[in-house]
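2 protein chains.
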Amino acid sequence: MTAIKHAFVTGAAGFVGSNLVDRLLADGVTVTGWDNFSTGQDRFLDGARANPRFRLLRGDTLDLPALAAAMRGADFVFHLAANADIKDGWSHPRRDLEQNTIATSNVLEAMRTAGVGRIAFSSTGSVYGEALVTPDAPTPEDAAFPVQTSLYGASKAAGEGLIAAYAEGAQLTEAYIFRFVSILGERYTHGHVFDFYRQLLEHPDRLAVLGDGTQRKSYLYVQDCIDAMLHVARRGTARDARHRTQVYNLGTPEYVEVNQSIGFICAALGLSPRLEYSGGNRGWVGDNPFIFLDTRKIRATGWQPRLTIEQGIIRTLRWLEANRWVYTARREAR
Amino acid sequence: MTAIKHAFVTGAAGFVGSNLVDRLLADGVTVTGWDNFSTGQDRFLDGARANPRFRLLRGDTLDLPALAAAMRGADFVFHLAANADIKDGWSHPRRDLEQNTIATSNVLEAMRTAGVGRIAFSSTGSVYGEALVTPDAPTPEDAAFPVQTSLYGASKAAGEGLIAAYAEGAQLTEAYIFRFVSILGERYTHGHVFDFYRQLLEHPDRLAVLGDGTQRKSYLYVQDCIDAMLHVARRGTARDARHRTQVYNLGTPEYVEVNQSIGFICAALGLSPRLEYSGGNRGWVGDNPFIFLDTRKIRATGWQPRLTIEQGIIRTLRWLEANRWVYTARREAR
Numbered sequence: 027m028t029a030i031k032h033a034f035v036t037g038a039a040g041f042v043g044s045n046l047v048d049r050l051l052a053d054g055v056t057v058t059g060w061d062n063f064s065t066g067q068d069r070f071l072d073g074a075r076a077n078p079r080f081r082l083l084r085g086d087t088l089d090l091p092a093l094a095a096a097m098r099g100a101d102f103v104f105h106l107a108a109n110a111d112i113k114d115g116w117s118h119p120r121r122d123l124e125q126n127t128i129a130t131s132n133v134l135e136a137m138r139t140a141g142v143g144r145i146a147f148s149s150t151g152s153v154y155g156e157a158l159v160t161p162d163a164p165t166p167e168d169a170a171f172p173v174q175t176s177l178y179g180a181s182k183a184a185g186e187g188l189i190a191a192y193a194e195g196a197q198l199t200e201a202y203i204f205r206f207v208s209i210l211g212e213r214y215t216h217g218h219v220f221d222f223y224r225q226l227l228e229h230p231d232r233l234a235v236l237g238d239g240t241q242r243k244s245y246l247y248v249q250d251c252i253d254a255m256l257h258v259a260r261r262g263t264a265r266d267a268r269h270r271t272q273v274y275n276l277g278t279p280e281y282v283e284v285n286q287s288i289g290f291i292c293a294a295l296g297l298s299p300r301l302e303y304s305g306g307n308r309g310w311v312g313d314n315p316f317i318f319l320d321t322r323k324i325r326a327t328g329w330q331p332r333l334t335i336e337q338g339i340i341r342t343l344r345w346l347e348a349n350r351w352v353y354t355a356r357r358e359a360r
Numbered sequence: 027m028t029a030i031k032h033a034f035v036t037g038a039a040g041f042v043g044s045n046l047v048d049r050l051l052a053d054g055v056t057v058t059g060w061d062n063f064s065t066g067q068d069r070f071l072d073g074a075r076a077n078p079r080f081r082l083l084r085g086d087t088l089d090l091p092a093l094a095a096a097m098r099g100a101d102f103v104f105h106l107a108a109n110a111d112i113k114d115g116w117s118h119p120r121r122d123l124e125q126n127t128i129a130t131s132n133v134l135e136a137m138r139t140a141g142v143g144r145i146a147f148s149s150t151g152s153v154y155g156e157a158l159v160t161p162d163a164p165t166p167e168d169a170a171f172p173v174q175t176s177l178y179g180a181s182k183a184a185g186e187g188l189i190a191a192y193a194e195g196a197q198l199t200e201a202y203i204f205r206f207v208s209i210l211g212e213r214y215t216h217g218h219v220f221d222f223y224r225q226l227l228e229h230p231d232r233l234a235v236l237g238d239g240t241q242r243k244s245y246l247y248v249q250d251c252i253d254a255m256l257h258v259a260r261r262g263t264a265r266d267a268r269h270r271t272q273v274y275n276l277g278t279p280e281y282v283e284v285n286q287s288i289g290f291i292c293a294a295l296g297l298s299p300r301l302e303y304s305g306g307n308r309g310w311v312g313d314n315p316f317i318f319l320d321t322r323k324i325r326a327t328g329w330q331p332r333l334t335i336e337q338g339i340i341r342t343l344r345w346l347e348a349n350r351w352v353y354t355a356r357r358e359a360r
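Note that the protein sequences, when read in sequence, are chains A and B.
Position in the first sequence counted from 1, then plus 26, gives you my numbering.
Position in the second sequence counted from 1, then plus 26, gives you my numbering.
Right, dumping it as structure tokens:
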């Protein structure tokens with residue numbers, strides 16, 4: 027076990043970030059949270075703020091000197107800040123480059139300056155593109171060299187590459203790259219459950235669906251995601267490995283069709299809306315109609331998810347029902 | 027065959043770039059050359075400047091508006107401008123990001139603005155890292171998802187990812203990514219033959235060698251490299267493929283040990299220097315001690331190299347002997 031005593035969390039006011047902050051504080055860790063509040067939600071940190079071991083800094087990851095100064099004293103960086111708006115990449119083609127690639131370079135340079143050697147990075151299954159994935163089989167970490175299909179995936183793959191170069195170049199001691207499926211759960215404010223529930227609040231009789239609903243995706247409950255990251259980070263699996271960079275897919279060993287998910291949601295709400303499909307077998311340009319990650323590597327470390335996809339979707343829905351304020355707060359917090 | 031009528035060449039005053047410009051002009055193509063002359067050599071374009079179909083623009087790829095304006099009217103972009111100084115990545119960790127990743131993003135945005143749909147990109151076998159490459163076997167284009175080992179490789183892989191995202195997102199019509207082994211030949215001003223010959227000019231009795239000389243590398247003669255790029259680009263292999271992005275390894279079907287190359291060079295010069303090894307099985311942090319690319323895909327299109335590695339090394343040496351001015355000109359032109 028390798029203790030984490032003082033964690034630095036970028037994107038601390040986001041969906042995964044704020045849940046991670048709460049967990050670290052509950053575990054006795056000192057936490058410095060960093061967020062530019064472009065999409066973070068101040069209310070997500072209400073609990074953390076009451077804890078004397080928590081310090082929140084409002085800052086932008088593109089501001090390298092401030093970032094490096096803020097990081098001093100930390101012994102582990104969780105780099106979760108990102109642009110997660112995968113759908114609209116072409117309406118702002120520089121955003122992924124800036125917020126996911128250049129920002130990650132800044133985090134790494136700040137770590138060099140501040141002398142922090144360990145990092146965990148929230149990457150994505152989107153880095154696999156779709157080009158070379160075997161149909162219907164889960165994608166392993168060592169899948170074939172991908173052809174990127176979205177700016178988001180390309181920008182996250184670039185962030186991974188930078189982290190690996192720093193680690194293999196002995197500028198870091200341990201690097202953990204987690205390729206997430208879609209994460210959902212408490213404080214989820216971005217994705218299909220969020221969108222569907224908003225629609226059904228506005229018009230319970232109909233539901234617009236991107237694509238034809240046959241897209242198959244995998245989802246992971248946010249607490250399971252955080253469990254996995256902390257499990258691996260504390261075991262220090264990169265410390266004694268041939269490579270200081272360890273990559274783990276994070277997901278459940280199952281997937282669902284969008285249409286199945288609609289079934290879960292409508293049953294839970296007691297609704298039977300008319301489904302209005304936009305058509306085509308993908309939701310948007312660059313959408314991958316099949317995301318299903320091989321998670322044997324992370325499960326071999328002893329972690330496993332506690333919730334199924336269906337349970338995760340229902341829990342997300344219940345949280346949204348109890349927190350409708352997120353629909354009127356600034357949108358697309360992560 | 028898809029004609030190239032007006033080519034835009036970034037890095038036009040560099041090693042590969044200036045040779046490509048000459049070839050395109052000889053083929054009747056109109057050429058706009060773009061270079062910031064940070065490492066380009068004005069003299070490499072002496073021949074081109076005499077041709078009325080050639081226009082040279084001094085500009086920086088980081089200046090997006092100027093780049094987009096310069097690109098108007100072109101129908102094919104050869105994006106060769108890059109930082110190629112792989113060894114010294116850690117002394118200027120932002121240079122690869124800026125000159126290889128951000129610059130490539132700018133080239134793609136400029137192409138969108140200027141309405142240019144076809145691109146060829148000089149990538150590198152360094153994108154394969156070394157993590158997952160099978161020992162002694164040549165690395166195919168669909169090798170396992172690599173762990174990056176250098177900032178240079180990471181920055182080029184990121185450039186590839188951006189190009190693929192643009193192409194798969196229908197922002198480009200055809201994208202050709204060429205993963206080069208080390209290129210050598212006329213106007214070569216960067217690499218081991220350059221370094222060894224400079225040393226032997228200064229002190230013919232001894233030669234300092236990075237690593238232990240057992241590093242195995244593959245090399246390709248610059249005219250063979252240019253033949254390959256033009257062969258594929260003119261066939262338009264990406265036009266009718268499942269993916270608009272086509273990736274080709276470029277190299278010879280052989281490799282040599284650094285020690286063998288030293289043998290070729292010393293024999294050609296009639297010298298027997300004392301060899302002073304720095305030790306270790308790699309030349310620098312992040313050096314890949316084995317680079318050997320599987321080139322079956324490009325050879326299946328009908329291209330094959332005309333020179334062996336030994337012939338390429340000797341031709342390079344003869345050019346350096348006849349052009350010692352490059353050692354006093356600004357260093358590290360590419």
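Cβ coordinates follow ideal geometry from the N, Cα and C atoms, glycine included.
From the DSSP secondary-structure annotation, give me the bridge partner or partners of W60/B. The residue you call residue 60/B lines up with position 34 of the second sequence. DSSP output for W60/B lists T36/B and L83/B as bridge partner(s).
Quick check: D320/A and T139/A, are their CB atoms within less than 9 Å of each other? Numbered from its first residue, the first sequence carries residue 320/A at position 294. Numbered from its first residue, the first sequence carries residue 139/A at position 113. No, these two residues do not count as a Cβ contact at 9 Å.
Kindly list, in the order they appear in chain B, the residues whose Cβ is closer than 7 Å to that of P172/A. Here the question's residue 172/A lines up with position 146 in the first sequence. Those are F171, listed as they occur along chain B.
List, in order along the chain, the chain A residues whose C-beta lies closer than 8 Å to that of W116/B? Locating residue 116/B in the second sequence gives position 90, where the first residue counts as 1. Here the neighbours are G195 and Q197.
From what residue to what residue does the alpha helix (DSSP H) around F290/B run? Within the second sequence, the letter at position 264 stands for residue 290/B. Residues V284 to L295.
Within 9 Å of any Cβ in chain B, is that where the Cβ of I128/A sits? Here residue 128/A corresponds to residue number 102 of the first sequence, with the count starting at 1. Taking Cβ atoms only, chain B reaches closer than 9 Å to I128/A, which makes this a yes.
Tell whether a beta-carbon distance below 9 Å holds between Y192/B and M255/B. Counted from its first residue, the second sequence places residue 192/B at position 166. Counted from its first residue, the second sequence places residue 255/B at position 229. Going by C-beta atoms, Y192/B is not nearer than 9 Å to M255/B.
Roughly how many whole angstroms lie between the Cα atoms of R205/B and V219/B? For the purposes of this step, residue 205/B is taken as residue 179 along the second sequence, with counting starting at 1. For the purposes of this step, residue 219/B is taken as residue 193 along the second sequence, with counting starting at 1. The alpha-carbon atoms of R205/B and V219/B are separated by roughly 21 Å.
Straight-line Cα distance separating S176/A from S208/B: Counting from 1 along the second sequence, the entry for residue 208/B is found at position 182. Counting from 1 along the first sequence, the entry for residue 176/A is found at position 150. About 30 Å.
Selected residue, minimal CA-CA separation from F102/A, among G309/A, F290/A and T58/A: Looking up residue 102/A in the first sequence gives position 76. Answer by Cα proximity: T58/A.
Could you confirm whether any beta carbon from chain B is found closer than 9 Å to the beta carbon of A184/A? One-based indexing of the first sequence puts residue 184/A at position 158. Yes, because at least one Cβ of chain B sits closer than 9 Å to the Cβ of A184/A.
What residues match up with N275/B in a beta bridge as DSSP calls it? Start at 1 with the first residue of the second sequence, and residue 275/B comes out as number 249. Answer by DSSP bridge pairing, in chain order: R205/B.
Go through its chain and collect everything with a Cβ distance to G153/A's Cβ below 7 Å, but skip five positions before and after it. For the purposes of this step, residue 153/A is taken as the residue at position 127 of the first sequence. Strictly speaking, residue 153/A in this sequence is Val, with Gly absent from that position. Answer for V153/A: P172, G179, K182, A183, E186 and R205, listed in chain order.
For R49/A, which residues from the same chain have a beta carbon less than 6 Å from its beta carbon, with the 5 sequence-adjacent residues on both sides left out? Along the first sequence, one-based indexing puts residue 49/A at 23. Same-chain partners within the cutoff: I252.
With 9 Å as the threshold, decide whether the Cβ of D168/B is near any Cβ in chain A. Within the second sequence, the letter at position 142 stands for residue 168/B. Yes, because at least one Cβ of chain A sits closer than 9 Å to the Cβ of D168/B.
Taking contact to mean at least 3 C-beta pairs separated by less than 8 Å, is the stretch 28-46 of chain B in contact with the stretch 267-280 of chain A? no
Spatial neighbours of F318/A within its chain, please: CB distance less than 6 Å, with the 5 preceding and 5 following residues excluded, ordered by chain position. Your numbering for residue 318/A matches position 292 in the first sequence. Cβ within range, chain order: P164, S244 and Y281.
Suppose contacts are defined by Cβ-Cβ distances below 9 Å. Is L233/A in contact with P315/A by that definition? The count along the first sequence starts at 1 and reaches residue 233/A at position 207. The count along the first sequence starts at 1 and reaches residue 315/A at position 289. It is not a contact, given that the beta carbons lie outside the stated cut-off.
What three-state label does DSSP hand A4/A in the structure shown? Absent from the structure is residue 4/A, since the part of chain A shown begins at 27 and ends at 360.
Does any residue of chain A bring its CB to less than 9 Å from the CB of I317/B? Taking the first residue of the second sequence as position 1, residue 317/B is located at position 291. Chain A, which has no Cβ nearer than 9 Å to the Cβ of I317/B, makes this no.
Residue closest to T215/B, alpha-carbon to alpha-carbon, out of A110/B, T150/B and G73/B: For this step, residue 215/B is matched to residue 189 along the second sequence. Of A110/B, T150/B and G73/B, the residue nearest in Cα terms is A110/B.
I need the DSSP call for A348/B, collapsed to helix, strand or coil. Here residue 348/B is taken as the residue at index 322 of the second sequence, counted from 1. In the structure shown, A348/B sits in a helix (DSSP, three-state: H, G or I).
Would you list the one or two residues that DSSP bridges to I42/A? Position 16 of the first sequence holds residue 42/A. Looking at the sequence itself, residue 42/A is Val, so the reference to Ile does not match. According to DSSP, which records beta bridges pairwise, V42/A is partnered with nothing at all.
Assuming contact is defined by CB atoms lying nearer than 9 Å, are L93/A and A136/A in contact in what I supplied? Here residue 93/A refers to the residue found at position 67 of the first sequence. Here residue 136/A refers to the residue found at position 110 of the first sequence. Yes, they are a contact pair.
Name, please, each residue of chain A whose Cβ falls closer than 7 Å to the Cβ of T271/B. Here residue 271/B corresponds to residue number 245 of the second sequence, with the count starting at 1. Simply V173.
Endpoints, the beta strand (DSSP E) within which R300/B is located: If you number the second sequence from 1, residue 300/B lands on position 274. Taken as a continuous stretch (DSSP letters only), the beta strand (DSSP E) holding R300/B covers R300 to Y303.
A96/B: CB within 8 Å of a non-hydrogen atom of the ligand GDP: Of ligands this structure carries none, so the ligand GDP is not represented either.
Rank G85/B, A146/B and F80/B by C-alpha distance to the C-alpha of D61/B and give the top, closest one. Within the second sequence, numbered from 1, the residue matching residue 61/B stands at position 35. Cα-wise, what sits closest to D61/B is G85/B.
In chain order, what residues of the same chain lie with their CB nearer than 7 Å to the CB of L226/A, ignoring the 5 residues before and after it? Sequence index remark: in the first sequence, residue 226/A carries index 200 (1-based). Excluding residues within five positions, the ones whose Cβ falls inside 7 Å are L233, L295, L297 and P299.
Give the secondary structure of Y214/B by DSSP, where H, G and I count as helix, E and B as strand, and everything else as coil. One-based indexing of the second sequence puts residue 214/B at position 188. Coil at Y214/B, not helix or strand.
What are the complete alpha helix (DSSP H) segments, minimum 4 residues, inside the stretch 89-131 of chain B? 90-97
Quick one: grab the DSSP three-state call for A359/A. On the first sequence, position 333 is the one that residue 359/A refers to. With a pLDDT of 41 at A359/A, under the threshold of 50, the predicted position of this residue should be treated as unreliable, and no value is reported.
Taking the straight line between their C-alpha atoms, what separation do you get for L343/B and A190/B? If you number the second sequence from 1, residue 343/B lands on position 317. If you number the second sequence from 1, residue 190/B lands on position 164. Going by the C-alpha atoms only, they are around 37 Å apart.
So which residues of chain A does W187/B contact, with C-beta pairs closer than 7 Å? Residue numbering aside, residue 187/B sits at position 161 when the second sequence is read from its first letter. In the sequence on display, residue 187/B carries Gly and not Trp. Those within 7 Å of G187/B in chain A are Q174, A180, A183 and A184.
Buried or exposed: where does S131/A fall if 16 or more other Cβ atoms within 10 Å of its Cβ makes it buried? To locate residue 131/A, count along the first sequence from 1; it is residue 105. S131/A should be labelled buried.
Which residues share a DSSP beta bridge with L246/A? Sequence index remark: in the first sequence, residue 246/A carries index 220 (1-based). Note: L246/A sits in a beta bridge opposite I209/A.
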